Amino acid sequence: MIETIVNRLLLSIPVLLGVLILGFVLVQVAPGDPARVLAGPMAPPEVVATIRERMGLDDPIVVQFMRYMGRLMQGDLGRSLISNKTVISELGAAIGPTVELMFACLIWSIPAGIAMGTLAAVWRGSLVDRVIMAFSVAGVSLPIFFICLVLIQYLGVKWQLLPFIGRGGPLWTVDGLRHIALPALSLGLIFIGPVARMTRSSVLEVLRLDHVRTARAKGLSERAVILRHGLRNALIPVITLIGLQAGYLLGGAVVTETIFSYPGIGRLAVGAILSADFPLTQGAILVLALAFILINMIVDILYALLDPRVQKK
Amino acid sequence: MSAATGIDTTAEPVAPRRRSWWRLLLADKAAALALVILVVIVLAAVLAPVVAPHNPYASSRSVMLPPVWEARGSWNHILGTDGQGRDILSRILYGTRTTLIIGLVAVVVGGVLGSLLGLVSAFYKRIDPYVMRLVDMMLSFPAILLGLALVAVFGPGVVPVIVALAIATIPDCARIGRSIAVSVMEQEFIEAGRAVGLSDGALFTRYLLRNCISSIMIFISLRFGQVILIGAALSFLGLGARPPAAELGMMAAQGRDFLLFAPHIAVIPSVAIFVIVLCANIVGDALRDVLDPRLRS
Numbered sequence: 000m001i002e003t004i005v006n007r008l009l010l011s012i013p014v015l016l017g018v019l020i021l022g023f024v025l026v027q028v029a030p031g032d033p034a035r036v037l038a039g040p041m042a043p044p045e046v047v048a049t050i051r052e053r054m055g056l057d058d059p060i061v062v063q064f065m066r067y068m069g070r071l072m073q074g075d076l077g078r079s080l081i082s083n084k085t086v087i088s089e090l091g092a093a094i095g096p097t098v099e100l101m102f103a104c105l106i107w108s109i110p111a112g113i114a115m116g117t118l119a120a121v122w123r124g125s126l127v128d129r130v131i132m133a134f135s136v137a138g139v140s141l142p143i144f145f146i147c148l149v150l151i152q153y154l155g156v157k158w159q160l161l162p163f164i165g166r167g168g169p170l171w172t173v174d175g176l177r178h179i180a181l182p183a184l185s186l187g188l189i190f191i192g193p194v195a196r197m198t199r200s201s202v203l204e205v206l207r208l209d210h211v212r213t214a215r216a217k218g219l220s221e222r223a224v225i226l227r228h229g230l231r232n233a234l235i236p237v238i239t240l241i242g243l244q245a246g247y248l249l250g251g252a253v254v255t256e257t258i259f260s261y262p263g264i265g266r267l268a269v270g271a272i273l274s275a276d277f278p279l280t281q282g283a284i285l286v287l288a289l290a291f292i293l294i295n296m297i298v299d300i301l302y303a304l305l306d307p308r309v310q311k312k
Numbered sequence: 000m001s002a003a004t005g006i007d008t009t010a011e012p013v014a015p016r017r018r019s020w021w022r023l024l025l026a027d028k029a030a031a032l033a034l035v036i037l038v039v040i041v042l043a044a045v046l047a048p049v050v051a052p053h054n055p056y057a058s059s060r061s062v063m064l065p066p067v068w069e070a071r072g073s074w075n076h077i078l079g080t081d082g083q084g085r086d087i088l089s090r091i092l093y094g095t096r097t098t099l100i101i102g103l104v105a106v107v108v109g110g111v112l113g114s115l116l117g118l119v120s121a122f123y124k125r126i127d128p129y130v131m132r133l134v135d136m137m138l139s140f141p142a143i144l145l146g147l148a149l150v151a152v153f154g155p156g157v158v159p160v161i162v163a164l165a166i167a168t169i170p171d172c173a174r175i176g177r178s179i180a181v182s183v184m185e186q187e188f189i190e191a192g193r194a195v196g197l198s199d200g201a202l203f204t205r206y207l208l209r210n211c212i213s214s215i216m217i218f219i220s221l222r223f224g225q226v227i228l229i230g231a232a233l234s235f236l237g238l239g240a241r242p243p244a245a246e247l248g249m250m251a252a253q254g255r256d257f258l259l260f261a262p263h264i265a266v267i268p269s270v271a272i273f274v275i276v277l278c279a280n281i282v283g284d285a286l287r288d289v290l291d292p293r294l295r296s
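Protein chains in written order, with numbering that gives the first Met the number 0: chain G, 0 to 312; chain V, 0 to 296.
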């Protein structure tokens with residue numbers, strides 16, 4: 000067990016290093032002179048030169064990289080070129096909302112997807128199965144921005160049920176919940192499809208196994224057989240799916256946050272890229288990459304914990 | 000339809016039934032319909048300069064004209080006009096072109112590179128662990144992040160998006176290619192090929208590649224829809240295709256501002272993306288079921 004975790008941690012070190020180098024390269028290769036951006040387009044060349052020097056932009060690359068790593072260790076990612084606030088404080092303010100959004104999305108879409116997938120598997124070939132699978136294929140084929148726009152149009156504008164701009168506050172407040180409802184609904188809708196599909200195929204697979212036949216032979220009710228012996232074992236692939244689809248979810252979150260002006264990391268990243276705010280871009284991408292690595296690590300470890308067979312390999 | 004022929008193909012000890020795979024595909028009504036729609040869409044996109052009724056970039060004074068089925072619609076602009084008075088049908092035709100090109104180039108380049116990597120790694124077992132570590136590392140970069148990073152460096156545009164999507168396609172294809180190739184490598188005919196003294200190159204292309212290619216193509220076709228969705232999302236965010244070029248995701252984004260009084264400007268391109276991706280997914284799924292049930296998981 001411990002070996003699995005250690006191996007997993009070791010594997011993420013080169014990835015982490017890659018992410019850091021990428022972050023550094025991002026700032027280096029970026030066109031445009033950060034000093035010029037900071038000074039403004041009208042500033043005289045002497046001012047730009049002074050700023051360049053103060054930022055250490057004239058030093059050799061290796062020196063700059065070491066300095067970058069040193070600063071990173073201290074949690075210093077520089078300042079945003081636009082707001083002049085520290086990147087860390089901007090990121091810190093945006094991480095909470097994104098985690099909330101992910102949570103609000105997963106908390107309803109995973110159970111919904113699992114329920115739909117199980118129903119489809121139990122009533123395999125029936126109308127229910129077909130409708131659920133059609134819904135799932137449609138779900139993975141819909142552009143996320145379209146779902147957002149439709150929900151805004153109807154639930155937000157026409158029927159005025161829910162707000163669709165920004166964040167109302169923390170998740171535990173009524174206003175916070177009202178504001179997160181539409182983004183979480185949109186993001187969850189693209190996630191239900193894959194979950195339902197995966198659950199269906201793994202339940203079908205598990206229901207064929209010997210222990211399920213034994214459970215039936217014992218005279219357990221069909222409900223107990225499916226819930227306790229079928230679904231429980233079928234959940235393992237669903238957990239892996241969350242790791243596999245983390246990138247998909249992340250992409251969805253970037254679009255969702257941008258459309259709903261929701262102040263999370265995704266919107267921050269897009270805004271920073273569009274305004275050529277390189278320190279902030281770099282910070283946002285670093286955080287997103289770290290989150291992705293972390294999610295996959297947790298999933299791998301959970302997987303090993305839940306399925307003793309994995310450790311034996 | 001297979002029941003109509005009265006032959007039980009599952010009883011055959013050897014799998015290939017090459018002649019009739021497309022028949023099986025067409026027997027699946029949904030897949031057949033999806034395939035027809037896809038072919039029509041591709042043709043329309045290829046022939047866009049010929050079939051488009053208007054210049055897709057020319058604005059006119061009739062701004063935000065609704066589609067023809069609505070009260071104020073006109074047959075001159077069947078799908079209406081956008082916020083700048085440009086003909087939506089023509090822009091959809093050109094936009095589909097851009098969207099399809101982004102998806103196709105990315106999937107083909109990434110798919111070929113990735114599966115070659117996987118095949119080579121299964122063929123030369125010595126390099127296998129290294130290649131797989133590399134693939135693991137690449138897998139920890141989701142497509143959307145690569146897209147954001149490349150766009151951040153090179154600025155918004157179609158090329159960085161294609162490059163990002165192609166790179167993001169490599170690791171998945173490498174994994175699938177490898178797992179298919181590993182099972183082929185265990186077959187006796189590879190051993191036989193070695194025994195008669197075939198060179199590595201001949202063994203690779205004639206024995207391994209040929210036996211893997213259909214499975215790999217199916218997997219690539221299954222990726223196509225996803226790649227199109229990510230590309231469209233990046234364009235929607237303003238990170239992909241640049242105006243005035245027409246691209247479906249970007250057109251949807253431009254329609255966002257008119258959502259309240261002219262929803263068709265955003266809805267039509269979004270539906271176009273949906274139809275393309277849905278048809279691609281249905282055809283891909285059906286192809287997999289018919290040609291290679293091994294990939295089902």
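For each residue, glycine too, the CB sits at the ideal point set by N, CA and C.
Computed from a prediction, not measured in an experiment: that's the story for all the values here.
Beta-bridge partners of residue i, as assigned by DSSP
{"i": "G/Val-108", "result": "Sequence inspection shows Ser at residue 108 of chain G; the Val mentioned does not correspond to that position. Beta-bridge pairing links G/Ser-108 to no other residue."}
{"i": "V/His-76", "result": "V/Ser-73"}
{"i": "G/Thr-85", "result": "G/Arg-78"}
{"i": "V/Asp-86", "result": "V/Thr-80"}
Distance, residue j Cα to residue i Cα
{"i": "G/Ile-284", "j": "G/Gly-116", "result": "34 Å"}
{"i": "G/Arg-266", "j": "V/Leu-34", "result": "37 Å"}
{"i": "G/Leu-301", "j": "G/Gly-246", "result": "18 Å"}
{"i": "V/Met-249", "j": "G/Glu-204", "result": "42 Å"}
{"i": "G/Leu-289", "j": "G/Gly-124", "result": "42 Å"}
{"i": "V/Gly-82", "j": "G/Phe-64", "result": "47 Å"}
{"i": "G/Met-197", "j": "G/Leu-240", "result": "8 Å"}
{"i": "V/Pro-141", "j": "G/Ile-297", "result": "17 Å"}
{"i": "V/Glu-185", "j": "V/Val-119", "result": "15 Å"}
{"i": "G/Ile-371", "j": "V/Val-266", "result": "Only positions 0 to 312 of chain G appear in this structure, which leaves residue 371 of chain G out of reach."}
{"i": "G/Ile-292", "j": "V/Leu-138", "result": "10 Å"}
{"i": "V/Ile-227", "j": "V/Asp-288", "result": "22 Å"}
{"i": "V/Cys-211", "j": "V/Ile-36", "result": "28 Å"}
{"i": "V/Ile-299", "j": "V/Ser-214", "result": "With chain V covering only 0 through 296, there is no way to say anything about residue 299 of chain V."}
{"i": "V/Glu-246", "j": "G/Ser-260", "result": "23 Å"}
{"i": "V/Leu-24", "j": "V/Val-62", "result": "44 Å"}
{"i": "G/Leu-76", "j": "G/Met-68", "result": "10 Å"}
{"i": "V/Val-39", "j": "V/Ala-47", "result": "12 Å"}
{"i": "G/Ser-79", "j": "V/Asp-256", "result": "28 Å"}
{"i": "G/Leu-230", "j": "G/Arg-222", "result": "10 Å"}
{"i": "V/Pro-12", "j": "V/Pro-66", "result": "With a pLDDT of only 47 at V/Pro-12, under the threshold of 50, the placement of this residue in the model should not be trusted; the figure read from the coordinates follows. Computed Cα separation, rounded: 56 Å."}
{"i": "V/Met-190", "j": "V/Ile-219", "result": "One detail in the question is off: residue 190 of chain V reads as Glu in this sequence, not Met. Those two C-alpha atoms are separated by around 29 Å."}
{"i": "V/Ala-279", "j": "V/Ile-87", "result": "23 Å"}
{"i": "V/Ala-43", "j": "V/Ala-51", "result": "9 Å"}
Continuous alpha helix (DSSP H) stretch holding residue i: start and end
{"i": "G/Ala-242", "result": "The question names Ala, but residue 242 of chain G in the sequence shown is Gly. 231 to 243 is the span of the alpha helix (DSSP H), which, as asked, contains G/Gly-242."}
{"i": "G/Glu-52", "result": "44 to 54"}
{"i": "G/Arg-177", "result": "173 to 206"}
{"i": "V/Arg-193", "result": "187 to 194"}
{"i": "V/Pro-48", "result": "47 to 50"}
{"i": "G/Tyr-261", "result": "Looking at the DSSP string, G/Tyr-261 is not in any alpha helix (DSSP H), and its letter there is neither H nor E."}
{"i": "G/Phe-144", "result": "143 to 150"}
{"i": "G/Phe-277", "result": "277 to 305"}
{"i": "G/Arg-313", "result": "With chain G represented from 0 up to 312, any question about residue 313 of chain G goes unanswered, as that position is not in the structure."}
{"i": "V/Phe-273", "result": "263 to 290"}
{"i": "V/Val-150", "result": "142 to 153"}
{"i": "G/Pro-40", "result": "Careful: G/Pro-40 lies outside any alpha helix (DSSP H) and carries neither H nor E."}
> Is it a yes or a no for the segment 177 to 187 of chain G touching the segment 242 to 255 of chain G, going by three-plus beta-carbon pairs under 8 Å?
Replying inline: Enough Cβ pairs lie closer than 8 Å, so yes.
> Taking a cut of 8 Å between CB atoms, which residues from the segment 287 to 299 of chain G lie near chain V?
Replying inline: Here the close residues are Leu-287, Ala-288, Phe-291, Ile-292, Asn-295.
> Taking Cβ-Cβ distances below 7 Å as the criterion, which residues of the segment 199 to 230 of chain V are in contact with chain G?
Replying inline: The segment 199 to 230 of chain V vs chain G, Cβ under 7 Å: Gly-224, Leu-228, Ile-229.
>> Quick test of the definition: if touching needs 3 or more C-beta pairs under 8 Å, does the segment 155 to 170 of chain V touch the segment 228 to 245 of chain V?
In response: Of all C-beta pairs linking the segment 155 to 170 of chain V to the segment 228 to 245 of chain V, three or more are shorter than 8 Å, placing the two stretches in contact.
> Which residues, in chain order, does the segment 185 to 208 of chain G contribute to contact with chain V at a C-beta distance below 8 Å?
Replying inline: Listed by position, the residues of the segment 185 to 208 of chain G near chain V (Cβ gap below 8 Å) are Ser-200.
> Would the segment 32 to 52 of chain G and the segment 14 to 24 of chain G be scored as touching if the rule is three or more Cβ pairs under 8 Å?
Replying inline: Touching, no.
>> Using a Cβ distance threshold of 8 Å, determine whether the segment 99 to 117 of chain G contacts the segment 271 to 280 of chain G, with at least three qualifying pairs required.
In response: Taking a cut-off of 8 Å on C-beta distances, the segment 99 to 117 of chain G does not touch the segment 271 to 280 of chain G, as fewer than three cross pairs fall below it.
> Between the segment 62 to 74 of chain V and the segment 192 to 212 of chain V, are three or more C-beta pairs nearer than 8 Å?
Replying inline: No, the segment 62 to 74 of chain V does not touch the segment 192 to 212 of chain V.
> Listed in chain order, which residues of the segment 253 to 274 of chain G have Cβ atoms closer than 7 Å to some Cβ of chain V?
Replying inline: Taking 7 Å as the Cβ-Cβ cut-off against chain V, the residues of the segment 253 to 274 of chain G that qualify are Val-253, Val-254, Thr-257, Ala-268, Val-269, Ile-272, Leu-273.
> Of all the residues that make up the segment 269 to 294 of chain V, which are near chain G by a beta-carbon distance shorter than 9 Å?
Replying inline: Residues passing the 9 Å Cβ filter: Ser-269, Val-270, Ile-272, Phe-273, Val-274, Ile-275, Val-276, Leu-277, Cys-278, Ala-279, Asn-280, Ile-281, Asp-284.
> Between the segment 168 to 182 of chain V and the segment 109 to 126 of chain V, are three or more C-beta pairs nearer than 8 Å?
Replying inline: Taking one beta carbon from each stretch, the segment 168 to 182 of chain V and the segment 109 to 126 of chain V have 3 or more pairs nearer than 8 Å; the two touch.
> Listed in chain order, which residues of the segment 151 to 172 of chain G have Cβ atoms closer than 8 Å to some Cβ of chain V?
Replying inline: Cβ contacts with chain V: Ile-151, Gln-152, Val-156.
> Between the segment 135 to 152 of chain V and chain G, which residues of the former have a C-beta closer than 8 Å to a C-beta of the latter?
Replying inline: If the cut-off is 8 Å between Cβ atoms, the segment 135 to 152 of chain V has Asp-135, Met-136, Ser-139, Phe-140, Pro-141, Ala-142, Ile-143, Leu-144, Leu-147, Ala-148, Val-150, Ala-151, Val-152 near chain G.
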